[in-house]
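Asks:
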Amino acid sequence: MSNDQPGRPQGLLLTVSAPSGAGKTTICREFLRLFPDVRFSVSCTTRPPRPGEVDGKDYVFLTKEAFRERIDRGEFVEWVENYGELYGTSKKTMDAFLEQGTDLLLDIEPRGARAIREHYPRGVFVFILPPSLAELKARLSRRGESPVAMERRLRTSQDEIGEALWYDYVIFNETLKVAVDQFRSIYVAERCRRDRLEKRISAFLDRAG
Ligand code: 5GP
1 MSNDQPGRPQ GLLLTVSAPS GAGKTTICRE FLRLFPDVRF SVSCTTRPPR
51 PGEVDGKDYV FLTKEAFRER IDRGEFVEWV ENYGELYGTS KKTMDAFLEQ
101 GTDLLLDIEP RGARAIREHY PRGVFVFILP PSLAELKARL SRRGESPVAM
151 ERRLRTSQDE IGEALWYDYV IFNETLKVAV DQFRSIYVAE RCRRDRLEKR
201 ISAFLDRAG
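So the sequence shown is numbered by my numbering: it starts at 1 and just counts up by one.
#1: Let me check understanding here. Comparing Cα to Cα, which of Pro-51, Asp-107 and Leu-133 lies closest to Leu-32?
#2: Under 6 Å Cβ to Cβ from Asp-168, same chain only, skipping five residues before and after it: list those, please.
#3: Answer yes or no: do Arg-114 and Gly-88 have a C-beta to C-beta separation smaller than 8 Å?
#4: From the DSSP output, in three-state form, read off Ser-141 for me.
#5: Provide the residue span of the beta strand (DSSP E) that contains Gly-88, from first to last.
#6: Identify whether Glu-78 lies in helix, strand or coil by the three-state DSSP scheme.
#7: Assign Asp-206 to buried or exposed, taking buried as 16 or more other Cβ atoms, counted over all protein chains shown, within 10 Å of its Cβ.
#8: Can Asp-103 be considered in contact with the ligand 5GP, in the sense that its beta carbon sits closer than 7 Å to one or more heavy atoms?
#9: To the nearest angstrom, how far is the alpha carbon of Asp-4 from that of Phe-127?
#10: Which value, in whole angstroms, describes the spacing of the CA atoms of Met-1 and Glu-78?
#11: Would you please state the rounded distance, in angstroms, between the beta carbons of Ala-18 and Leu-129? I believe it to be under 8 Å.
#12: Do the CB positions of Leu-12 and Arg-200 come within less than 8 Å of each other?
If you want it as structure tokens, here you go:
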């Protein structure tokens, strides 16, 4: 869609959550490859970068002090403490993209997603689940984490899975291909919702008349 289109709608906010091990990161990566115009919303975090992660692309990596300063300045639309580290979403950045009509993909855990829903009720909320709890365990153990870390992740995952019930869409990630296709379909269908296109339809009718 070009920028000068009359009645261009606000960007669509696609929020995705999943317990760790469900395959969310891979699905999001594939999705962004298919839709290069969709922007990944880069969160701030105090956790150290993992190998291969790039500052400003995967996250904005901050010290705890710098993060707290941003909290005090009211920069975050939501922030949480997760595994002892802080994660937050910048309101200004999000609004700038949405207002210029850019669609945003937001990868956050359910507490943050709930806060986002309060502020952006027109957002679309997708939850990704592994095919089963046994499969989740198997995936987590393949990551080679310590038994203590794995146990902690598994407990958090189980709590998070209960949150799936309030999301708009749920994807069971049995195979990557099908899961990506489902995610893609949700996005494409949501882009075509009449209520998102009202301004464009009016502009179209004005010009037709
Ligand atoms: P990780 O450290 O594995 O990248 O992310 C841990 C968790 O934090 C994931 O569930 C991820 O979705 C979540 N997360 C990432 N960014 C944000 C954010 O800005 N806000 C919230 N609430 N959660 C986030």
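Backbone N, C-alpha and C fix where the C-beta goes; we use that ideal spot for every residue, glycine too.
Replies: Taking the structure as given:
#1: Asp-107
#2: Val-124 and Phe-125
#3: no
#4: helix
#5: 85-90
#6: strand
#7: exposed
#8: no
#9: With a pLDDT of 46 at Asp-4, under the threshold of 50, the predicted position of this residue should be treated as unreliable, though the coordinate-derived value follows. In a straight line, the C-alpha of Asp-4 is about 33 Å away from that of Phe-127.
#10: Because Met-1 carries a pLDDT of 39, less than 50, the predicted location of this residue cannot be relied on, and the following value inherits that uncertainty. Near 30 Å, if we compare the C-alpha coordinates of Glu-78 and Met-1.
#11: 7 Å
#12: no
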